[in-house]
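Since the structure comes first, as structure tokens, the remarks are kept for the end.
Numbering (this note's numbering), first residue to last: 2 to 160.
This is the structure:
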């Protein structure tokens, strides 16, 4: 995505990285070998705790209020609702991902549950990323001016 707004460029880069992660998680979740889940567990745990939370928090605290002010409150409300759902699925996925990342085995039932949660998280987050790319980023282009974009870019970099 080519954008005049720094915030949009950064978010787009993160969206692309997230889509790459989701492809790896999907492959591991459908792979019959449990080692596939263990191999992606460290990156998945890191994404669930750090990257996704940081990204969502920034959008909720800094961007969604600006969307409301700019007349796109319905979009902000929808994306916020999706964040809540995605966080709930991520919470379910985090414990087994951390266990695997620490080298601890999972029971067969736990592996099955992790696969289900991983596939749900992938499906939901992939749709969410596409929605943000197609709807959120263009709205931000519209509502942010050069000064607010610079301020937000600095704030996000400092998080």
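The C-beta atom is built at its ideal place from N, Cα and C for all residues, glycine as well.
Rounded straight-line distance, which links the Cα of residue j to that of residue i
i, j, result
"residue 29", "residue 53", "19 Å"
"residue 100", "residue 106", "7 Å"
"residue 171", "residue 70", "The structure shown does not extend to residue 171, since the chain is modelled only from 2 through 160, so no value can be given for it."
"residue 73", "residue 32", "41 Å"
"residue 27", "residue 17", "15 Å"
"residue 76", "residue 65", "9 Å"
"residue 79", "residue 10", "22 Å"
"residue 59", "residue 159", "11 Å"
Spatially closest choice to residue i from the options, by CA coordinates
i, options, result
"residue 118", "83, 85, 97, 51", "97"
"residue 115", "50, 104, 134, 95", "95"
"residue 81", "123, 129, 143", "129"
"residue 22", "34, 59, 40, 6", "40"
"residue 122", "6, 25, 11", "25"
Burial state of residue i, where buried means 16 or more other Cβ atoms lie within 10 Å
i, result
"residue 91", "buried"
"residue 19", "buried"
"residue 14", "exposed"
"residue 42", "buried"
"residue 150", "buried"
"residue 56", "buried"
"residue 131", "exposed"
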